[in-house]
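Peer 1: Below is the structure I would like to discuss, written out as structure tokens.
As structure tokens, then:
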């Protein structure tokens, strides 16, 4: 997604005078890319200190340590200045992991008026069909007594269980859009990542976990990725689960 991230950031006219907040930065890849491509300052926060140490080393080695500041922060208790950031990154499911309602509320406090938000998150593809779409589906079915609702695709319980791991609750795209609107955000663009991106994701994560016959293999991580791949390809996830990438601008005013 690196090229898409740069393209999306351009839509917010990101430049060297701007300040970006990267939530749950992990290895800092997104923060470093924006600093390199736009010369902007980035505050990158995460709860995982080991990941932050590695990210700082990469930033220093890349000559970007002066632009990107990594900060350990409990995302249940934000310690950031209000009205500070021109753009917030909530990638890799950061909002769902943080709690979408609390996260969107907090982000509104820390964005400058009219500031931007980039989201990448897993969504379920079970949103309500429009009236026109329902009419077309009725024409298509040709079966007496069949309802549109019976034809809608919804993720199987096993798909939900594997992806959510008892810790998360993912929304569908209309629910996500409605939540953004409720907190004063206007969606600027949105897209679902193609299926090829899922294949690349599984390959990348499998390589990171290591081969099963390797002494350095992270077996727990590999088992989790194998479960996700099984849910996606074997249990119907490819038709009911999507990865949503969206940009929004905060047009409401939220008192800190």
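Numbering (UniProt numbering), first residue to last: 1 to 256. We put the beta carbon where it would ideally sit given N, CA and C, even for glycine.
With DSSP as the reference, label residue 12 as helix, strand or coil.
Peer 2: Here residue 12 sits in coil by DSSP.
Peer 1: Would you decide whether residue 169 is buried or exposed? Buried here means 16 or more other CB atoms lie within 10 Å of its CB.
Peer 2: Its Cβ having fewer than 16 others within 10 Å, residue 169 is exposed.
Peer 1: Whose C-alpha, out of 210, 18, 251 and 214, is nearest the C-alpha of residue 224?
Peer 2: Residue 224 has its Cα closest to that of 210, out of 210, 18, 251 and 214.
Peer 1: Using three-state DSSP, classify residue 101 as helix, strand or coil.
Peer 2: Residue 101 falls in the helix class under three-state DSSP.
Peer 1: Return the Cβ separation of residue 189 and residue 11 in integer angstroms, given the expectation that the two are a contact with Cβ distance under 8 Å.
Peer 2: Right, the Cβ-Cβ distance comes to about 7 Å (below 8 Å), so this counts as a contact.
Peer 1: How long is the line joining the alpha carbons of residue 187 and residue 181, rounded to whole angstroms?
Peer 2: Rounded to whole angstroms, residue 187 to residue 181 spans 8 Å at the Cα level.
Peer 1: Suppose contacts are defined by Cβ-Cβ distances below 7 Å. Is residue 85 in contact with residue 14 by that definition?
Peer 2: Cβ atoms of residue 85 and residue 14: not closer than 7 Å.
Peer 1: Per DSSP, what are the beta-bridge partners of residue 190 in this structure?
Peer 2: Residue 190 is bridged to 246.
Peer 1: Alpha carbon to alpha carbon, how far is residue 176 from residue 146? Give it in angstroms, no decimals.
Peer 2: For residue 146, the predicted model reports a pLDDT of 48, less than 50, meaning its position is unreliable; a value from the coordinates is still stated below. Rounded to whole angstroms, residue 146 to residue 176 spans 29 Å at the Cα level.
Peer 1: What would DSSP say about residue 70, mapped onto helix, strand or coil?
Peer 2: In this structure, residue 70 counts as strand in the three-state DSSP scheme.
Peer 1: Look up residue 111 in the DSSP assignment and say whether it is helix, strand or coil.
Peer 2: Here residue 111 sits in strand by DSSP.
Peer 1: Taking 8 Å as the cut-off, does the stretch 100 to 112 touch the stretch 42 to 54 (at least 3 CB pairs, one atom from each stretch)?
Peer 2: No contact exists between the stretch 42 to 54 and the stretch 100 to 112.
Peer 1: Taking the alpha-carbon of residue 33 as reference, which of 46, 64 and 201 has the nearest alpha-carbon?
Peer 2: Answer by Cα proximity: 64.
Peer 1: Could you give the C-beta distance for residue 171 and residue 238, rounded to a whole number, given that I count them as a contact under 8 Å?
Peer 2: Contact flag wrong, Cβ pair sits at about 19 Å.
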